[in-house]
Amino acid sequence: GRKIILAISRWFRISWFGNKIKNCQDFIGVDYYRISKIKFDLKNSVFLGFGLDDDPENVMGWPAYPEGLYKVLEEVKKYNGNVPIYIMENGRPTREGLEDQERVDFIQNHIDYVKKSISAGVDVRGYFHWSLMDNFEWTWGYRPKFGLIEINFETLEKKPRKSFYAYKEIISSNLQD
């Protein structure tokens, strides 16, 4: 996780593009879902591909790593000043059903690290969960259920999941608890 973040940050800092736009954006949007790892043969300087410690409990095999969001927010602040940050997408796919405790825990754990970032001086202005309703994912179709609201795509009936009510409480408290 950290090596990828540093590699991207270093590229951004030294690149022509990064130097041109540094300190001139109104805000930075961050999408964060999971940790990704790279495989690299240091002896032969060969990139071997991306590796992932699959999470068998997750529909898409994505392991949750809430601390990674904190690290990303710290890196953005470090290399781009304290530009306002909006977490544009952060979500967890689950299976069908309204009792999605896995997503409730995912949201709460990530929000805890957002609060930690704010306490550390990162200017986080917004957190948007992906997604309000189940949707079509380009490479997975309708199978992963990202929504706080379940949709029956045959009848278009909508039902709020447990995570809907948990997220509602988080929003209502404005991160104060």
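The end of the sequence shown is residue 1001 by our numbering, with every number in the run present. Idealized CB from N, CA, C, for every residue including glycine.
So which of the options has the shortest CA-CA distance to residue i?
i      : options                           : result
Ile862 : Val870, Val900 and Leu956         : Val870
Lys940 : Arg985, Tyr857, Asp865 and Pro890 : Pro890
Phe988 : Glu974, Leu980 and Asn998         : Glu974
Leu897 : Glu981, Phe864 and Val854         : Val854
Ile859 : Trp964, Arg916 and Leu866         : Arg916
Span of the beta strand (DSSP E) holding residue i?
i      : result
Asp865 : Lys861 to Asp865
Arg949 : Val948 to His953
Asn933 : Unbroken run through Asn933 is the alpha helix (DSSP H), Gln925 to Ser943; no beta strand (DSSP E).
Glu913 : Ile909 to Asn914
Pro984 : Lys982 to Pro984
Using a threshold of 9 angstroms, state whether the C-beta atoms of residue i and residue j are closer than that.
i       : j      : result
Asp947  : Asn914 : no
Val938  : Tyr894 : yes
Asn959  : Thr918 : no
Tyr856  : Ile911 : yes
Gly921  : Arg985 : yes
Ile942  : Ile852 : no
Asn1069 : Gln849 : Here the chain comprises residues numbered 825 to 1001, so residue 1069 is not present and cannot be evaluated.
Contact check, residue i vs residue j under 8 angstroms by CB: the rounded distance?
i       : j      : result
Ala888  : Phe930 : 6 angstroms
Glu1017 : Pro968 : What is shown of the chain runs 825 to 1001, which leaves residue 1017 out entirely.
Leaving aside the five residues before and after residue i along the sequence, list all residues of the same chain whose C-beta is less than 6 angstroms from its C-beta, in chain order.
i      : result
Lys901 : Val946
With a threshold of 7 angstroms on Cβ separation, who are the neighbours of residue i within its own chain once the five nearest residues in sequence on each side are excluded?
i      : result
Glu956 : A small correction: the amino acid at residue 956 is Leu; Glu does not occupy that position in the sequence shown. Result list for Leu956: Gly971, Leu972 and Ile973, in chain order.
What are the start and end residues of the alpha helix (DSSP H) that includes residue i?
i      : result
Glu846 : Note on identity: in this sequence residue 846 is Lys, with Glu being the wrong assignment. Lys846 -> no alpha helix (DSSP H), and no H or E assigned at all.
Gly921 : Here Gly921 belongs to no alpha helix (DSSP H), and DSSP marks it neither H nor E.
Glu978 : Counting along the chain, Glu978 falls outside any alpha helix (DSSP H), and DSSP gives it neither H nor E.
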